[in-house]
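*Asks:*
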Amino acid sequence: MEDHILEVRHLRKSFFDSKKKKKVQILKDISFDMKRGDVLSIIGPSGSGKSTLLRCIAQLETLDGGEVRVCNKNLVVPGSDPIRYAPKADLNEIRLSTGLVFQNFNLFPHLTVLQNITLAPIRVLKLEPHSARIRAMRLLKGMGLEDKARAFPCELSGGQQQRVSIARALAMNPKVLFFDEPTSALDPELTGEILKVIKALAKEEMTMVIVTHEMAFARDVANQVLFMDDGVVVEQGTPEYVFGQSKNERLQSFLSRFA
Ligand code: ADP
Ligand code: MG
Numbered sequence: 001m002e003d004h005i006l007e008v009r010h011l012r013k014s015f016f017d018s019k020k021k022k023k024v025q026i027l028k029d030i031s032f033d034m035k036r037g038d039v040l041s042i043i044g045p046s047g048s049g050k051s052t053l054l055r056c057i058a059q060l061e062t063l064d065g066g067e068v069r070v071c072n073k074n075l076v077v078p079g080s081d082p083i084r085y086a087p088k089a090d091l092n093e094i095r096l097s098t099g100l101v102f103q104n105f106n107l108f109p110h111l112t113v114l115q116n117i118t119l120a121p122i123r124v125l126k127l128e129p130h131s132a133r134i135r136a137m138r139l140l141k142g143m144g145l146e147d148k149a150r151a152f153p154c155e156l157s158g159g160q161q162q163r164v165s166i167a168r169a170l171a172m173n174p175k176v177l178f179f180d181e182p183t184s185a186l187d188p189e190l191t192g193e194i195l196k197v198i199k200a201l202a203k204e205e206m207t208m209v210i211v212t213h214e215m216a217f218a219r220d221v222a223n224q225v226l227f228m229d230d231g232v233v234v235e236q237g238t239p240e241y242v243f244g245q246s247k248n249e250r251l252q253s254f255l256s257r258f259a
C-alpha cells in the first residue's frame, strides 16, 4: 500500500558491553507502524534505546533481528535468521527516503549554510547547482533564515543551526523525517522556535518520528505516542490514551518526573 511509510516488526539490537564483557540487549522487541502524514512521538527514560532505534532504521547501526520496511522496501530479507540485508539498491532507496535531524545539529563547520544544504542534493540527487540553490533558499526562507545563507554554522545560534539542519534534511525530500531530541542541546529560550518549525511541518503532513523529552510538545504534535522502557514498547496509542488514560505503572512513574 502506498500509504505505508514505516513498518517495524520485532526489531532486536544488542551491543557488546565492554565493562560487563558481554552482549547486552538494548532493543528487545520493537514493533510499530506509520502511515503517510503520521507524527509519532517516542518518549522514554534515557538509555532505553530510543536513539538506537532511530539509528537502526536510518542504517547508522546494524540490527540483529526483526523486519523494517520503509515505503514498502525491506531493509532486511524477511524471515532471514541470521538476518541478511536487502540488496544495495534497496538500502540506498531507503536511505534516500529517511532524513535525520540530530540533537547536536551535525552541520559541516567548514561549509556555509547554503553549502550545507545544497551539498547532498548536488552530489547525491545530481541536482543542478543552480536549482539546488534555489530550492535551498526557499527552504531557508521558510525557516526565517534567508539572510544567513552565506554565514558559517559557528556564526549562528543553536536554534538557527538546528533550523539549518532541518532545512538540510528537507532538501533531500525525505518520505519520513526522524528527530532525535532536536531541542535538548538548546537553551530553553531557543527550544520554542524549533518546536514551531516541527509543528508547521506536521501541519504540512510531513511524516515524522520525534524522540523528545518535551512532554507537552510530544502530546501536542503527534497523533501517535510510543513509550519505550528497557528495550520494549511499554505503551503505544493516541496522545489522549498515553498521556490521559493509560494506567501503566512504568509510564506513570516516568511521566511523574515531568509533572
Ligand atoms: P536513549 O536514546 O533512549 O537514551 P540509546 O539508544 O542512546 O538510548 O542507548 C541505549 C543503550 O545502548 C545505552 O545503555 C547505551 O550505553 C547503549 N549503546 C548505545 N550505542 C552503543 C554502542 N555503539 N556501543 C555500545 N553500547 C551502546
Ligand atoms: Mg538518545
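The sequence shown begins at 1 in the UniProt record's numbering and counts up one residue at a time. Built from N, CA and C at the ideal position, the CB exists for glycine as well. For clarity, every value in this text was computed on a predicted model and none was experimentally measured.
Between the C-alpha atoms of lysine 148 and valine 113, what's the straight-line distance to the nearest angstrom?
*Replies:* Going from the Cα of lysine 148 to the Cα of valine 113 covers about 7 Å.
*Asks:* Would the beta-carbon of threonine 207 fall within 9 Å of that of lysine 35?
*Replies:* Result yes, Cβ atoms of threonine 207 and lysine 35 sit closer than 9 Å.
*Asks:* Quick check on DSSP: helix, strand or coil for threonine 191?
*Replies:* Three-state DSSP puts threonine 191 in a helix.
*Asks:* Return the Cβ separation of leucine 119 and cysteine 56 in integer angstroms, given the expectation that the two are a contact with Cβ distance under 8 Å.
*Replies:* 25 Å between Cβ atoms; not a contact.
*Asks:* Give me the Cα-Cα distance between proline 87 and lysine 73, rounded to the nearest whole angstrom.
*Replies:* For proline 87 and lysine 73, the distance between alpha carbons rounds to 10 Å.
*Asks:* List the whole-angstrom C-beta distance separating alanine 167 from leucine 140, where the pair is believed to meet the contact cut-off of C-beta under 8 Å.
*Replies:* Yes, alanine 167 and leucine 140 are in contact; Cβ-Cβ is about 6 Å, under 8 Å.
*Asks:* Using 8 Å as the Cβ pair cut-off and three pairs as the minimum, do the stretch 231-246 and the stretch 17-29 touch?
*Replies:* Touching, yes, given that three or more Cβ pairs across the two stretches are closer than 8 Å.
*Asks:* Could you give the C-beta distance for methionine 215 and lysine 50, rounded to a whole number, given that I count them as a contact under 8 Å?
*Replies:* No, methionine 215 and lysine 50 are not in contact; Cβ-Cβ is about 14 Å, not under 8 Å.
*Asks:* Ordered along the chain, which non-local residues of its own chain (more than five positions away) have a Cβ less than 8 Å from that of arginine 163?
*Replies:* These residues qualify, in order along the chain: Met143, Gly144, Leu145, Glu193, Ile194, Val197.
*Asks:* Three-state secondary structure (DSSP) at glutamine 245?
*Replies:* Three-state DSSP puts glutamine 245 in a helix.
*Asks:* Quick one: what's methionine 206 bridged to in DSSP?
*Replies:* DSSP, once it has assigned bridges, lists no residue as partnering methionine 206.
*Asks:* List in chain order: all unbroken alpha helix (DSSP H) runs of 4+ residues lying wholly within the stretch 40-101.
*Replies:* Correct list: 50-57, 88-97.
*Asks:* Check whether the stretch 75-87 and the stretch 95-112 touch, using three or more Cβ-Cβ pairs below 8 Å as the test.
*Replies:* The stretch 75-87 vs the stretch 95-112: no contact.
*Asks:* Looking at the ligand MG, does it come within less than 8 Å of serine 165, judged from the CB to the closest heavy atom?
*Replies:* The answer is no for serine 165.
*Asks:* Whose C-beta lies closer than 6 Å to the C-beta of proline 153 among residues of the same chain, with five residues either side of it excluded?
*Replies:* Only Leu107, Pro109, Gln161 meet the Cβ criterion.
*Asks:* Any idea which residues DSSP pairs glutamate 7 with across the strands?
*Replies:* Partner(s): Asp33, Arg69.
*Asks:* What did DSSP end up calling serine 14 once you bin it into helix, strand or coil?
*Replies:* Looking at serine 14 - three-state DSSP - the assignment turns out to be strand.
*Asks:* Over the uninterrupted beta strand (DSSP E) stretch that includes leucine 226, give me the two end residues.
*Replies:* Leucine 226 -> beta strand (DSSP E) spans 224-229.
*Asks:* Let me know the secondary structure DSSP gives lysine 21 once reduced to three states.
*Replies:* Lysine 21: coil per DSSP, three-state reduction.
*Asks:* Within the continuous beta strand (DSSP E) that includes valine 221, where are the two ends?
*Replies:* No beta strand (DSSP E) contains valine 221, which is instead part of the alpha helix (DSSP H) from 215-221.
*Asks:* I need the residues with a C-beta less than 5 Å from some heavy atom of the ligand ADP; please give them in chain order.
*Replies:* Residues flagged by the Cβ proximity filter: Phe15, Ile26, Ser46, Gly47, Ser48, Gly49, Lys50, Ser51, Thr52.
*Asks:* Which of the three DSSP states is assigned to valine 113 in this structure?
*Replies:* DSSP places valine 113 in helix when its eight states are reduced to three.
*Asks:* The ligand MG and aspartate 90: does the residue's C-beta get closer than 8 Å to at least one heavy atom of that ligand?
*Replies:* No.
*Asks:* Determine the DSSP secondary structure at glutamine 161, reduced to helix, strand or coil.
*Replies:* Helix, per DSSP.
*Asks:* Cβ-heavy atom distance between valine 232 and the ligand MG below 8 Å?
*Replies:* No.
*Asks:* When you measure from the CB of aspartate 180 to every non-hydrogen atom of the ligand MG, does any distance come out below 8 Å?
*Replies:* Yes, the beta carbon of aspartate 180 sits closer than 8 Å to at least one heavy atom of the ligand MG.
*Asks:* For alanine 169, which residues in the same chain have their Cβ closer than 7 Å to its Cβ, ignoring the five residues on either side in sequence?
*Replies:* The answer, listed in chain order, is Gly99, Leu100, Val101, Leu177.
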